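Notes follow the structure.
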Amino acid sequence: MKKMTSILLLLFFVAAIPKLLNYQGKLLDSEGIGVNDTLDMTFRLYTNATPSAGETALWSETIPDVEVSKGLFSVELGTVTSFPDSVNFSDEYWLEVEIAGETLSPRERLTSAPYSLYSLRTKRVDEALQSIYSDSNA
Numbered sequence: 002m003k004k005m006t007s008i009l010l011l012l013f014f015v016a017a018i019p020k021l022l023n024y025q026g027k028l029l030d031s032e033g034i035g036v037n038d039t040l041d042m043t044f045r046l047y048t049n050a051t052p053s054a055g056e057t058a059l060w061s062e063t064i065p066d067v068e069v070s071k072g073l074f075s076v077e078l079g080t081v082t083s084f085p086d087s088v089n090f091s092d093e094y095w096l097e098v099e100i101a102g103e104t105l106s107p108r109e110r111l112t113s114a115p116y117s118l119y120s121l122r123t124k125r126v127d128e129a130l131q132s133i134y135s136d137s138n139a
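Heads up: the sequence shown is residues 2 to 139, going by the numbering used here.
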């Protein structure tokens, strides 16, 4: 029973970590002045840095009414549309941003922080849980 309790506690803590990413940006007008507005923003994840014909996003989320003050804004990705299990941050991903209908270029490569989400599912932990589970059923 003691082994099973340990497994349940571990699974509870892993499930409690949210799959949300903070994204901050600065939006300037054509004269280089920070925008002051409330705008809809769409974010999409891809596996390629550059768009290609027939490509579909792995994940997409539109966040309505994002407040932009002096050009600065901050959003949490994954709050409106959760990341699917297939987006586990074990691969390289590129973020495309669309603001008020205009797609910004180039796509941005995701780096360290989002990939730390994958550390929740390392091979060692998976193997350890399988080993503990097998031992408790013996």
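Every residue gets a Cβ at the ideal spot worked out from N, C-alpha and C, and that includes glycine.
Note that the structure is a prediction, hence the values are computed from the model and not measured.
Comparing alpha-carbon positions, the option among Asp92, Phe84, Glu56, Gly72 lying closest to serine 31 turns out to be Gly72. In the three-state scheme derived from DSSP, where H, G and I count as helix and E and B as strand, glycine 26 is classed as strand.
Isoleucine 34 and tyrosine 24 have their C-alpha atoms roughly 20 angstroms apart. Distances from the CA of threonine 39 to each of Thr48, Val81, Leu28 were compared; the closest alpha carbon is that of Leu28. In the DSSP annotation of this structure, the continuous segment of the beta strand (DSSP E) that includes phenylalanine 74 starts and ends at 73–78. With fewer than 16 other Cβ atoms inside 10 Å of its own Cβ, glutamate 56 counts as exposed. Looking at Leu111, Thr112, Ser106, the one whose alpha-carbon comes closest to that of threonine 51 is Ser106. In terms of CA proximity to glutamate 97, Phe44 leads the group Phe44, Leu21, Val36.
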